[in-house]
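**Student:** Read top to bottom, the protein sequences are chains A and B.
Position 39 of the first sequence, counted from 1, bears residue number 20 in my numbering, the numbering being contiguous throughout.
Position in the second sequence (from 1) plus 5 gives the number in my numbering.
C-beta atoms are modelled at their ideal positions from N, C-alpha and C, and glycine is treated no differently.
My structure is below; once you've seen it, I'll send some questions.
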Amino acid sequence: LTTPPNTRPPGPDDHADERSPLFGSWGGLYAAVLVFLAALITLMYIFQVSFA
Amino acid sequence: VKTIDWAVLALTLVAIVAYGMYRGRRNRDIRGYFLADRSMKWYTVALSIMATQASAITFTSTPGLGYADGMRFVQYYFGLPIAMVILAVTAVPAFHRSGVYTAYEYLENRFDLRMRILTSVIFLIGRGLGVGFSIYAPSLVLSVMLGWDMSLTSAVIGGVIIIYATSGGVKAIQWTHFQQMIVILSGMAIAFFVAVSLLPPDVSFADSLRVAGAMGRLKVLDFSFDPNDRYTFWSGIIGGTFIAMAYFGTDQSQVQRYLTGQSVRQSRMALLFNGIIKVPMQFMILLLGVAVFSFYQFVEPPLYFNPSETERIRAGEFSAEYSRLESWHHVTFEAKKTMIREYLGAGAGEASPGWRKRLVEAASRSEKVRADMSALAKQADPSSDGNDVNFIFLSFVIHYLPAGFIGLLFACIFAATMSSTSGELSALATCSVVDVYRRLVRPGADERHYLIVSRIGMAFWGIYAIAFAQFAGNLGALIEAVNIVGSLFYGTMLGIFLIAFYIKRLGGWATFWAALIGEAVVLSCAGFTDISWLWYNVIGCATVVGAAAALQWVSGE
């Protein structure tokens, strides 16, 4: 058996930009997500020590 | 459950079917049927991704976990935002631009047909077992709580899904996901506010959190590094990243969701939204469990939350032991309530370590009675796991929510069952038709033929899931094995896809045999060690990548 050609037409932006959809660059997005995660964990820690 | 609740439940189910059929009314080929003509906006895809992942058990057992074990389960989701960014960078453009219907079709383009068939068959086996369970587990809980026959509950859920999924395909499924998530989130928010509003007038929400905190329910973070402990910060951030990458990047039930995005950008936005919203959402669902826990510190809870098992024990040979535990439960509850009042009256917890110590002791006496009851349930019925966590939240809903809202909350559980099951059904039908039927059995037929076969495939998997749910009760302990079967394959699948995306030097031969080695290692870990299943993904993935590199080097290709 051999691989058949793809019968599906390409999507509207199959060659769209390589840029991140947010924060301008992928590095910026990674950094933003890590900051977001760190902020969430810090808030959870504050929550934990406030009521524990 | 009053007439208005039944009306709300029936109306919601009818609205889901009608909306699904309306949205999915135009399908001319399998591109429309399985990929919604790649027409979906990011917010529809995002909610569909969340709805597919969130089964009814998520919404019944997660508050139950918050009640019984506290908030630490949220750590399991810490790796998810990281995984979403990685997949947005790699998997989304790779799948979109190669024009595939399934994630496994991509592997044929990258490696060979053997890899496509291997991964597709692994998915069909794992998810095929899982889809039956995803109807069975909530049907069991709902039938106990509503007093319905189990067969009727699973037939209603499965039948509704078959109607709109078969006629409307993925368009119907994803638009109903959108609607179902709105019902689910509204129901959860209402339950949270009702639980808080039912606290005694002189007890504030902050007071209730102080009590829950003193009893260990607000311990969110655990930084200990113990591979046998399921929920720690490290297993969440490392194991959680791998499991999220495996689930969202290699499981067709998720890949299919973002393949329907209008563009690479829309699909990326959907994954990133999921990454941002998931941790706070799970935190709030666990907090709902803690709110129910706080409420039950002032109102006596049932000794055991599963009503049918309770009735069976009460009427059987262990009735005397049950009565003894029930009396002891009442005594320990009253003692604990008095202690809570004194603890709250004494001011801030830090200023009254003596009160806090006595409260913790009273709480542990109460917990001991619950543990004894769990042991009695197991003794009375050896097939029971003695775990009533799935019933805690629904028991609260039935007994304390106002009329109308009970119907909404049950609609919410039905909607969650339908949302996860329909996502899985569409993925199973796509793999069966595109990877097996169109590729191996009958290539080259016209679109109309494939569309008819696709509808038959969707209906077949729906009927199979209902049939599985009917017999699942007889499977006993096998059910648990079925439930974790997916996690046994994810690591290997992730290893294969990581090689496909990143290590272009490694070919199909080395990767195929490395996948079999990786799977053997994971199964050995499951069979012969106590390592938590969260780590299987890391182990399986690392073994596949390492073995493929070694095999390629040895073969000199």
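1) Rounded to whole angstroms, what's the CA-CA distance from arginine 77(B) to glycine 84(B)? Just pull it up for me.
2) Take aspartate 74(B) as the anchor and find which of Pro306(B), Val295(B), Arg115(B) and Phe39(B) has the nearest alpha-carbon.
3) Say whether the region 111 to 130 of chain B touches the region 438 to 445 of chain B, bearing in mind that this needs 3 or more beta-carbon pairs closer than 8 Å, one atom from each stretch.
4) From the beta carbon of valine 94(B), is the nearest beta carbon of chain A less than 9 Å away?
5) Taking the continuous alpha helix (DSSP H) assigned at cysteine 417(B), which residues delimit it?
6) Under 9 Å between the Cβ atoms of serine 156(B) and tyrosine 141(B)?
7) Show which residues of chain A have a CB atom less than 8 Å away from the CB atom of lysine 224(B).
8) Consult DSSP for glycine 266(B) and reduce its assignment to one of helix, strand or coil.
9) Applying the criterion that 16 or more other CB atoms from any shown protein chain within 10 Å of the CB defines a buried residue, is valine 559(B) buried or exposed?
10) Do phenylalanine 278(B) and proline 306(B) have their C-beta atoms within less than 9 Å of each other?
11) I want to verify the contact list: residues of chain A whose CB lies under 7 Å from the CB of arginine 215(B), in sequence order.
12) 9 Å is my cut-off, CB to CB: does arginine 460(B) come that close to chain A?
13) Return the chain-ordered list of same chain residues with a C-beta closer than 7 Å to the C-beta of proline -9(A), the five sequence neighbours on each side being excluded.
14) Could you pull out every residue in the same chain whose Cβ sits closer than 8 Å to the Cβ of valine 16(A), ignoring the five residues on either side in sequence?
15) Return the CA-CA distance between glutamate 322(B) and cysteine 417(B), expressed in angstroms with no decimal places.
16) Does the beta carbon of methionine 274(B) come closer than 9 Å to any beta carbon on chain A?
17) Below 9 Å between beta carbons is the criterion; list the residues of the region 277 to 288 of chain B that meet it against any residue of chain A, in chain order.
18) For aspartate 14(A), which residues in chain B fall below 9 Å Cβ to Cβ?
19) Which term fits leucine -18(A), buried or exposed, when burial requires 16 or more other beta carbons within 10 angstroms of its beta carbon?
20) Could you tell me which of Leu456(B), Gly512(B), Met498(B) and Ile403(B) sits nearest to lysine 7(B), measuring between CA atoms?
21) Relative to the alpha-carbon of glycine 245(B), which residue among Val550(B), Ala553(B), Thr548(B) and Tyr541(B) has its alpha-carbon at the smallest distance?
22) CB glutamine 267(B) to CB lysine 46(B), shorter than 9 Å?
23) Verify whether the separation of the beta carbon atoms of phenylalanine 563(B) and methionine 498(B) is less than 9 Å.
24) Can you give, in chain order, each stretch of the alpha helix (DSSP H) that sits fully within the region 80 to 109 of chain B and has at least 4 residues?
25) Under 9 Å, do leucine 292(B) and phenylalanine 398(B) count as touching if we go by C-beta distance?
26) What separation, rounded to the nearest whole angstrom, lies between the Cα atoms of asparagine 392(B) and isoleucine 168(B)?
27) Pick helix, strand or coil for methionine 45(B), following the three-state DSSP scheme.
28) Does glutamate 326(B) come out as helix, strand or coil in the three-state DSSP assignment?
29) Taking only the alpha-carbon atoms, compute the straight-line gap between alanine 553(B) and alanine 515(B) and give it to the nearest angstrom.
30) Let me know the secondary structure DSSP gives aspartate -5(A) once reduced to three states.
31) Just curious, the alpha helix (DSSP H) that isoleucine 22(A) is in, first and last residue?
32) Tell me, please, whether the CB atom of arginine 270(B) is closer than 9 Å to any CB atom in chain A?
**Tutor:** Considering the structure as presented:
1) Mapped onto the second sequence, residue 77(B) falls at position 72. Mapped onto the second sequence, residue 84(B) falls at position 79. Approximately 14 Å, taken between the alpha carbons.
2) In the second sequence, counting from the first residue as 1, residue 74(B) sits at position 69. For aspartate 74(B), the nearest C-alpha among the options comes from Val295(B).
3) The answer is yes - the region 438 to 445 of chain B touches the region 111 to 130 of chain B, with three or more Cβ pairs under 8 Å.
4) One-based indexing of the second sequence puts residue 94(B) at position 89. Yes, valine 94(B) lies at the interface with chain A (some Cβ there is under 9 Å from its Cβ).
5) One-based indexing of the second sequence puts residue 417(B) at position 412. In the DSSP assignment, cysteine 417(B) falls within the unbroken alpha helix (DSSP H) covering 410 to 435.
6) By 1-based counting over the second sequence, the position of residue 156(B) is 151. By 1-based counting over the second sequence, the position of residue 141(B) is 136. Contact flag unset, no.
7) Walking along the second sequence from the start, residue 224(B) turns up at place 219. Gln29 and Ala33, listed in chain order.
8) Numbered from its first residue, the second sequence carries residue 266(B) at position 261. In this structure, glycine 266(B) counts as strand in the three-state DSSP scheme.
9) Working through the second sequence from its first residue, we reach residue 559(B) at position 554. The residue in question, valine 559(B), is exposed, as its Cβ has fewer than 16 Cβ neighbours within 10 Å.
10) Along the second sequence, read from residue 1 onward, the residue named residue 278(B) stands at position 273. Along the second sequence, read from residue 1 onward, the residue named residue 306(B) stands at position 301. The answer is no: Cβ separation not under 9 Å.
11) As a working mapping, residue 215(B) is identified with position 210 in the second sequence. The answer, in chain order, is Phe32.
12) Position 455 of the second sequence, counted from the first residue, corresponds to residue 460(B). Answer no: the Cβ-Cβ gap between arginine 460(B) and chain A never drops below 9 Å.
13) For the purposes of this step, residue -9(A) is taken as the residue at position 10 of the first sequence. Any reading at proline -9(A) must be qualified, since the residue scores a pLDDT of 47, below 50, and its modelled position is unreliable; no value is offered.
14) For the purposes of this step, residue 16(A) is identified with residue 35 of the first sequence, where counting begins at 1. Only residues of its own chain outside the window of five on either side were considered, and among them none has a CB closer than 8 Å to the CB of valine 16(A).
15) Position 317 of the second sequence holds residue 322(B). Position 412 of the second sequence holds residue 417(B). Approximately 37 Å between the Cα atoms of the pair.
16) Numbered from its first residue, the second sequence carries residue 274(B) at position 269. So, interface residue.
17) Leu277, Gly280, Ile281, Val284, Pro285 and Phe288
18) Numbered from 1 along the first sequence, position 33 holds the residue referred to as residue 14(A). The sequence shown places valine at residue 14(A), not aspartate. Those within 9 Å of valine 14(A) in chain B are Pro86, Ile87, Met89, Val90, Leu277, Gly280 and Ile281.
19) Position 1 of the first sequence, counted from the start, is the residue given in the question as residue -18(A). Only weak support is given to the placement of leucine -18(A): the predicted model assigns it a pLDDT of 45, under 50, and the question is left unresolved by the model.
20) One-based indexing of the second sequence puts residue 7(B) at position 2. Here the closest residue by C-alpha is Ile403(B).
21) For the purposes of this step, residue 245(B) is taken as the residue at position 240 of the second sequence. With distances taken between Cα atoms, glycine 245(B) lies closest to Tyr541(B).
22) Counting from one through the second sequence, the residue named residue 267(B) turns up at place 262. Counting from one through the second sequence, the residue named residue 46(B) turns up at place 41. Result yes, Cβ atoms of glutamine 267(B) and lysine 46(B) sit closer than 9 Å.
23) Past the edges of chain B, shown from 6 to 562, lies residue 563(B), and the structure says nothing about it.
24) Restricting attention to alpha helix (DSSP H) runs no shorter than 4 residues, the region 80 to 109 of chain B encloses them at 85 to 94 and 96 to 102, ordered along the chain.
25) Counted from its first residue, the second sequence places residue 292(B) at position 287. Counted from its first residue, the second sequence places residue 398(B) at position 393. Not closer than 9 Å, so no.
26) In the second sequence, counting from the first residue as 1, residue 392(B) sits at position 387. In the second sequence, counting from the first residue as 1, residue 168(B) sits at position 163. Roughly 34 Å separates the two Cα atoms.
27) Your numbering for residue 45(B) matches position 40 in the second sequence. Correct three-state label for methionine 45(B): strand.
28) By 1-based counting over the second sequence, the position of residue 326(B) is 321. Helix at glutamate 326(B).
29) Your numbering for residue 553(B) matches position 548 in the second sequence. Your numbering for residue 515(B) matches position 510 in the second sequence. Between alanine 553(B) and alanine 515(B), the alpha-carbon positions lie close to 5 Å from each other.
30) Position 14 of the first sequence holds residue -5(A). Residue placement at aspartate -5(A) cannot be trusted, given a pLDDT of 46 that sits under 50; what the coordinates show is reported in the next sentence. It is coil, neither helix nor strand.
31) Taking the first residue of the first sequence as 1, we reach residue 22(A) at position 41. Isoleucine 22(A) -> alpha helix (DSSP H) spans 7 to 32.
32) Looking up residue 270(B) in the second sequence gives position 265. True, the Cβ-Cβ gap to chain A drops below 9 Å.
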